[in-house]
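Following: one structure in structure tokens, then a few remarks.
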Amino acid sequence: MELGAYSFGDTQRNADGSLRSTAEAISNLFEAIVLADRAGLDYFGVGEHHTLEMPASSPGTVIAAAAAATKQIKLGSGASIISTDDPVRVFQQFATADAISGGGRVEITAGRGSSVETFPLFGYDLKDYDVLYAEKLDLLLALNNSGTGNITWSGTVRPELNSLAVVPRPVNALPIWLATGGSAPSSVRAGQLGLPVSYGIIGGAPARFAPLADLYRRSAAQAGHAGENIKVSVAALGLIAPTKKEALERFYPGWYRLNVEMGKLRGWPAPDRRQFLAQADAPGAYYVGDPDEVAERIVDLHGHMGHMRHFLQMDIGGLPQEHLLESLTLLASEVKPRVQRLLAKQ
Amino acid sequence: MSAPQTPPAGARTIGILGAGRVGTAVARQALKAGYEVRIATSQPAEEIALLVEIMAPGAAAATAAEASGSDIVVLAVPLHKYLALQPALLAGRTVIDAMNYWAPTDGELEVFEAAGRTSSEIIQAHLSGSDVVKTLNHIGYRAIEEDGRDRGADTRRALALAGADDDAKALVAGFLDRLGYDAVDAGPLAAGRAFQPGTEIFNASHSAERLQTILAADREPARS
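One line per chain: the protein sequences are A and B, in this order.
Just so you know, we're using the numbering used here here: the first sequence kicks off at 389 and counts up by one.
Just so you know, we're using the numbering used here here: the second sequence kicks off at 30 and counts up by one.
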């Protein structure tokens, strides 16, 4: 089981609650990835969000820098909003980072994104939501699967490519994942395309996703896809601290702040602490706790979903950087050996 | 394994348009309550057979026409796709509009941004031959399966409904009751404004009594 983290960037707060700089958030993110690599984590996912609170808008740039500064960790986007980007550019950026990493450490996770802030930002029309995603994913896969790097492709959402070179070529084809928040049709799509799938689980009992993983695997089998590309990862919220009490106290203020903001945007009621506490205990969705508990809950979910990677978003709502770094360290040094031990016993 | 409950009086068949999180959650809860459930998407029925088998065991993968022929049809597609709903197929049917307009996820859609009408009134205008009832929009897809209780339970959650036709509303109220919820009639479709996103009712759990109080307070300014 691979363990890791993901982040959209987390702008720190002053004592009065006001936001500090977004540049600091990116530099903190870079520091966290380098630490995660040294601590022995397997994966770090970056972005893509475009807000003052979560400013990791350019995953490829952060990943290229991190590729140069790390030795073993795999680096990916979480997710690249390909609908509103140019797949040629996304592919070139990640293939470049892959070369810098020494080859084989850089991945792309393609998604639609849970909000639509990139549509006005890059001048796209939401009416084209579905066709943009379908066509751009198709182009991204064509770019990755091309042996020669000479690409011929045509569609409706971008100018055609007529035997044009798209370079650099990655050392090997990049792993391309599909991200989904857990809709059944997305699981079918990932299976039919034969791509690995990454489930973002941000609420409710994670074991609810077991039928989706089953649907994904059976859709892949039905379409004739098998082998190591058919695999499942889980992205969830969580924070590890020496004790459960500390983990709850550290994670709650940022969680509360984020949910107040989301609630304003989406018309949800104000978050309350009981909700938080319910989600932070098994069988809830937040992996907030001490190393023993978090390890047990990851292994428990593995029994339901058979996933090969579990990675946590820890820094939300202005989590103090030192708490992020301690949590990453504990995930590598304390949770990972426990997970390996528990899985070996099964 | 217990035998399925006998189908309730009133509606017997439930058609669901949309196989996303809301559609499959409503399907499972309706199956538990003993209904015959048909699910349709924009794809051919055989394309969603595996999805239905795994996500809503016991439901039928159907064409839009088959699902639309049900006693109650639940609309559970992303709102921005509403123009793809076929008025002719749904004419004469009782239709639950479980959709919401959320600019942060739908983007700003001109027709819904224009002041005056609730999203369900716009759906009713598109489906002019159907009896549209707005409900199930203000409960989270996970809660649909978690919050249902037997009638008479102490803590039974209530759901509001709004629509023009009393018979259609009675049919839907019976359906909500079987799903495990008290139904509270908010009035005509325009009254659904009180449980759209951003309101006290939206996504919060209330008893029938509390829901009636909130709805009454909401009507107050209009009277004066």
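Backbone N, C-alpha and C fix where the C-beta goes; we use that ideal spot for every residue, glycine too.
Model, not experiment: these values are computed from the prediction.
{"query": "For the segment 130-153 of chain B, enumerate the residues whose C-beta is nearer than 9 angstroms to any C-beta of chain A, in chain order.", "result": "W131, A132, P133, T134, D135, G136, E137 and L138"}
{"query": "Return the first residue and the last residue of the beta strand (DSSP E) that I45 of chain B is part of.", "result": "T42 to L46"}
{"query": "Based on the DSSP secondary-structure assignment, which residues constitute the bridge partners of R67 of chain B?", "result": "B:G44 and B:A89"}
{"query": "Against chain B, with Cβ distances strictly below 7 angstroms, would F396 of chain A count as a contact?", "result": "no"}
{"query": "Note down the Cα distance separating P33 of chain B from R239 of chain B, rounded to an integer number of angstroms.", "result": "Its pLDDT being 45, under 50, P33 of chain B is placed unreliably by the model, and nothing is read from it."}
{"query": "For V102 of chain B, tell me which candidate among B:A182, B:G47 and B:R180 has the shortest Cα-Cα distance.", "result": "B:G47"}
{"query": "Could you say which of A:V545, A:S471, A:A666 and A:Q701 lies nearest to L431 of chain A if we only look at CA atoms?", "result": "It should be noted that the sequence gives Tyr, not Leu, for residue 431 of chain A. Selected option, being the one with the closest Cα: A:Q701."}
{"query": "Enumerate in chain order the residues of its own chain whose CB-to-CB distance from A666 of chain A is below 7 angstroms, with the five nearest sequence positions on each side excluded.", "result": "G672"}
{"query": "Output yes if chain A places a C-beta closer than 7 angstroms to the C-beta of R67 of chain B; else output no.", "result": "no"}
{"query": "Buried or exposed for N129 of chain B, please, with buried defined as at least 16 other CB atoms from any protein chain shown within 10 angstroms of its CB.", "result": "buried"}
{"query": "Under the assumption that A191 of chain B contacts G216 of chain B (Cβ atoms under 8 angstroms), give the Cβ distance between them as a whole number of angstroms.", "result": "6 angstroms"}
{"query": "Please confirm if P217 of chain B has its CB atom under 7 angstroms from at least one CB of chain A.", "result": "no"}
{"query": "Hey, could you find the ends of the alpha helix (DSSP H) Q115 of chain B is sitting in?", "result": "Q115 of chain B -> no alpha helix (DSSP H), and no H or E assigned at all."}
{"query": "What would DSSP say about W656 of chain A, mapped onto helix, strand or coil?", "result": "coil"}
{"query": "Using 8 angstroms as the cut-off, can you tell me whether the segment 97-114 of chain B makes contact with the segment 75-82 of chain B, which would need three or more C-beta pairs spanning the two stretches below that distance?", "result": "no"}
{"query": "Could you list the residues in the segment 46-63 of chain B with a C-beta less than 8 angstroms from some C-beta on chain A, going in chain order?", "result": "A48, G49, R50 and T53"}
{"query": "Nearest chain B C-beta to F507 of chain A closer than 7 angstroms, yes or no?", "result": "yes"}
{"query": "Taking 7 angstroms as the limit between beta carbons, can you name the residues of its chain near K524 of chain A, skipping five residues before and five after?", "result": "I470, S471, P475 and V545"}
{"query": "In the DSSP assignment, find the unbroken beta strand (DSSP E) run with Y345 of chain A in it and report its ends.", "result": "Shown here, chain A extends from 389 to 734; a query on residue 345 of chain A therefore has no answer."}
{"query": "Between T200 of chain B and G39 of chain B, is the Cβ-Cβ spacing less than 7 angstroms?", "result": "Note that residue 200 of chain B is Leu in the sequence shown here, rather than Thr. In this structure, G39 of chain B lies closer than 7 angstroms to L200 of chain B by Cβ."}
{"query": "Specify whether the segment 389-404 of chain A and the segment 684-704 of chain A touch according to this definition: at least 3 beta carbon pairs, one from each stretch, less than 8 angstroms apart.", "result": "yes"}
{"query": "Return the CA-CA distance between D339 of chain A and G181 of chain B, expressed in angstroms with no decimal places.", "result": "Residue 339 of chain A lies beyond the stretch modelled for chain A, which goes from 389 to 734, so this question has no answer here."}
{"query": "By the three-class DSSP mapping on this structure, what secondary structure does Q460 of chain A have?", "result": "coil"}
{"query": "One question on the structure: do G705 of chain A and G642 of chain A come within less than 7 angstroms of each other, judged by their Cβ atoms?", "result": "yes"}
{"query": "Please name the residue, chosen from A:L562, A:Y587, A:E548 and A:S542, that lies closest to T568 of chain A on a Cα-to-Cα basis.", "result": "A:Y587"}
{"query": "So, F141 of chain B versus S148 of chain B, is the Cβ gap smaller than 7 angstroms?", "result": "yes"}
{"query": "Measure from the alpha carbon of L529 of chain A to the alpha carbon of each residue in A:N550, A:V478 and A:H692, then state which is nearest.", "result": "A:V478"}
{"query": "Contact check, L713 of chain A vs A420 of chain A under 8 angstroms by CB: the rounded distance?", "result": "6 angstroms"}
{"query": "Give the DSSP-derived three-state secondary structure of S234 of chain B in the structure shown.", "result": "coil"}
{"query": "Cβ closer than 8 angstroms: which chain A residues qualify as neighbours of M128 of chain B?", "result": "Within 8 angstroms Cβ-Cβ: nothing; M128 of chain B doesn't reach chain A, min ~14 angstroms."}
{"query": "I want to see whether chain B comes within less than 7 angstroms of S503 of chain A, judged by CB atoms only; does it?", "result": "yes"}
{"query": "Who are the Cβ neighbours of L119 of chain B in its own chain at under 8 angstroms, not counting the five residues just before and after it?", "result": "S97, V102, L156, G158 and S159"}
{"query": "Quick check on DSSP: helix, strand or coil for H698 of chain A?", "result": "strand"}
{"query": "Could you tell me whether any Cβ in chain A is nearer than 7 angstroms to the Cβ of R186 of chain B?", "result": "no"}
{"query": "With H, G and I counted as helix, E and B as strand and the rest as coil, what does DSSP make of R248 of chain B?", "result": "helix"}
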